[in-house]
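Only one structure is covered here, and it is reproduced in the block below.
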DNA sequence: GAAAATACGGGACGCCCATCCCGCTTGTCC
DNA sequence: GGACAAGCGGGATGGGCGTCCCGTATTTTC
């Protein structure tokens, strides 16, 4: 393992600025913003961006680490929630909120552009794993239909996020979550 | 209105061939397939494609007319279905099936790439209108929550379609539809 | 069957974008 | 404060794609 020398002070500053600008920009306008534009807004040359992040995907991955790491942490914490159903749906709501506020994340959730899941995995964050545990726990508690799979939950989530593509609508979000919640409830025995 | 002379026989053949190839290709591989590739597979030059369809969007629009026109027709027919709820959910299932079988359509439903809705409208097909009537009818019959909007239904549909992004899974599709159906049911009075 | 109209093929063009490179500047260390 | 490494800017490069053009081929018309 090659030991890394510390970055020069200006390099560290620039790297941080680029990352911050990229987070804001991708959140506001999605992943299709050109790298040149990120550089321009950060007030650096394109070379500076690509030295710190050799490819656009590397930049995306750095963001995912920063952004999804937090979310996954929150999800793990919700595994300790007293009520398994509340924990599960709190995570669902959390993701829906984040997706509504962050267009880049919404695209990742919808599977457009880069593969968020894979980038998160490379960063050591297992989003699917959190979902699996949260879901299994809610199912064990009888709060969610037993035949539901993680992929189903993700698809429903992407539907909720899609609802707010053209702008945040908290009321619609709550309605969507309520619909999903109702649909996921185990069928009442006849 | 400039009166149109009939196309030359070979031109008519080529146009039809391009359209057929485009339908198949976009269905199998999505809208990001280059126009050159469509031309190659149809065995014509790129010029031939762009003469019949001046832009890629025009090609897309011609497909939408062919494809969505049929769907909208089916939807209108379902407005006559004896059971409003059955009509509504039959249309939902129909769209989900089509989306699972046609990647281009799935992208249109998800709002990726071209604007299907707008292309359909230019062609005289009002997809949203059909949804609105089907939904209103189901709501009047008390089969669907009264607070649900057409945009909600479309988002839920895009979620169902997203579930099968990586390949058709009829069982998952039925489960997704069941979840949506359950979630859309009016809350039972306490 | 010849002239005129129409359509064809596919290369050329222009645009956009990610990535790479190199002459110059700035920070670091002695 | 001077020398050297590290970093910077932004133009150059390369590839992909949609669209346009024009010399050639085919069909239509008389």
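Protein chains in written order, with the numbering used here: chain S, 188 to 377; chain H, 188 to 377.
Cβ coordinates follow ideal geometry from the N, Cα and C atoms, glycine included.
* Asked: Name the chain H residues that come within less than 7 Å of residue 363(S), Cβ to Cβ?
  -> Position 176 of the first chain, counted from the first residue, corresponds to residue 363(S). Near residue 363(S) (Cβ distances below 7 Å), the residues of chain H are 339 and 342.
* To do: Spell out whether any CB of chain H is found under 9 Å from the CB atom of residue 352(S).
  => For the purposes of this step, residue 352(S) is identified with residue 165 of the first chain, where counting begins at 1. Yes, because at least one Cβ of chain H sits closer than 9 Å to the Cβ of residue 352(S).
* To do: Say whether chain S places a C-beta atom closer than 9 Å to the C-beta of residue 345(H).
  => Along the second chain, one-based indexing puts residue 345(H) at 158. Flagged as an interface residue toward chain S: residue 345(H), by a C-beta distance shorter than 9 Å.
* To do: Return helix, strand or coil for residue 312(H), following the three-state DSSP convention.
  => Your numbering for residue 312(H) matches position 125 in the second chain. In the structure shown, residue 312(H) sits in coil (DSSP, three-state: anything other than H, G, I, E or B).
* Asked: Can you round the beta-carbon distance between residue 359(H) and residue 338(S) to whole angstroms, since I take them to be within the 8 Å contact cut?
  -> Residue mapping note: residue 359(H) aligns to position 172 of the second chain, counting from 1. Residue mapping note: residue 338(S) aligns to position 151 of the first chain, counting from 1. Rounded, the Cβ-Cβ distance is 7 Å, consistent with contact.
* Does DSSP classify residue 298(H) as helix, strand or coil? -> If you number the second chain from 1, residue 298(H) lands on position 111. Coil.
* Cβ-based neighbour list, residue 259(S), same chain, cut-off 8 Å, excluding 5 preceding and 5 following -> The count along the first chain starts at 1 and reaches residue 259(S) at position 72. So the qualifying residues of the chain are 307, 312, 313, 314 and 317.
* Considering only residues of the same chain and omitting the five flanking positions on each side of residue 165(S), which have a CB-CB separation below 6 Å? -> The shown model of chain S, from 188 to 377, leaves out residue 165(S), and the question about it has no answer.
* **Backbone CA spacing between residue 234(H) and residue 223(H) [nearest angstrom]** => Stepping through the second chain from its first residue, residue 234(H) is reached at position 47. Stepping through the second chain from its first residue, residue 223(H) is reached at position 36. Cα to Cα, the separation comes out at about 9 Å.
* **Proximity to residue 265(H) [Cα-Cα], best of 344(H), 320(H), 246(H) and 310(H)** => Counting from one through the second chain, the residue named residue 265(H) turns up at place 78. Nearest C-alpha to residue 265(H): 320(H).
* **Nonlocal neighbours in the same chain, by C-beta distance under 8 Å from residue 374(H), ignoring five residues either side** => One-based indexing of the second chain puts residue 374(H) at position 187. For residue 374(H), the CB contacts under 8 Å within the same chain, skipping 5 residues up- and downstream, are 332 in chain order.
* **Best match in 367(S), 272(S) and 282(S) for proximity to residue 256(S) [C-alpha to C-alpha]** => Counted from its first residue, the first chain places residue 256(S) at position 69. Out of 367(S), 272(S) and 282(S), 282(S) has the C-alpha closest to the C-alpha of residue 256(S).
* To do: Identify whether residue 223(S) lies in helix, strand or coil by the three-state DSSP scheme.
  => Taking the first chain and counting its residues from 1, the one referred to as residue 223(S) is at position 36. Helix, per DSSP.
* **First through last residue of the alpha helix (DSSP H) which encompasses residue 279(H)** => Sequence index remark: in the second chain, residue 279(H) carries index 92 (1-based). Run containing residue 279(H): 271–288, per the alpha helix (DSSP H) assignment.
* Could you give the distance in angstroms between the alpha-carbon of residue 293(H) and the alpha-carbon of residue 196(S)? -> What you label residue 293(H) is simply residue 106 of the second chain in a count that begins at 1. What you label residue 196(S) is simply residue 9 of the first chain in a count that begins at 1. Rounded to whole angstroms, residue 293(H) to residue 196(S) spans 48 Å at the Cα level.
* Taking Cβ to Cβ, would you say residue 276(S) is nearer than 9 Å to residue 364(S)? -> Walking along the first chain from the start, residue 276(S) turns up at place 89. Walking along the first chain from the start, residue 364(S) turns up at place 177. Contact: yes.
* To do: Below 8 Å CB to CB, which residues in the same chain sit around residue 237(H) once its five sequence neighbours on both sides are set aside?
  => On the second chain, position 50 is the one that residue 237(H) refers to. In chain order, 222 place their CB closer than 8 Å to the CB of residue 237(H), counting only its own chain and leaving out the 5 sequence neighbours on each side.
* Asked: For a contact meaning CB atoms closer than 7 Å, what does residue 299(S) contact in chain H?
  -> Locating residue 299(S) in the first chain gives position 112, where the first residue counts as 1. Correct list: 299.
* **Backbone secondary structure at residue 363(S) - three-state DSSP** => Taking the first residue of the first chain as 1, we reach residue 363(S) at position 176. For residue 363(S), the three-state secondary structure derived from DSSP is helix.
* Asked: How would you label residue 329(S), buried or exposed, when you count the other beta carbons within 10 angstroms and need 16 or more for buried?
  -> Looking up residue 329(S) in the first chain gives position 142. It counts as exposed.
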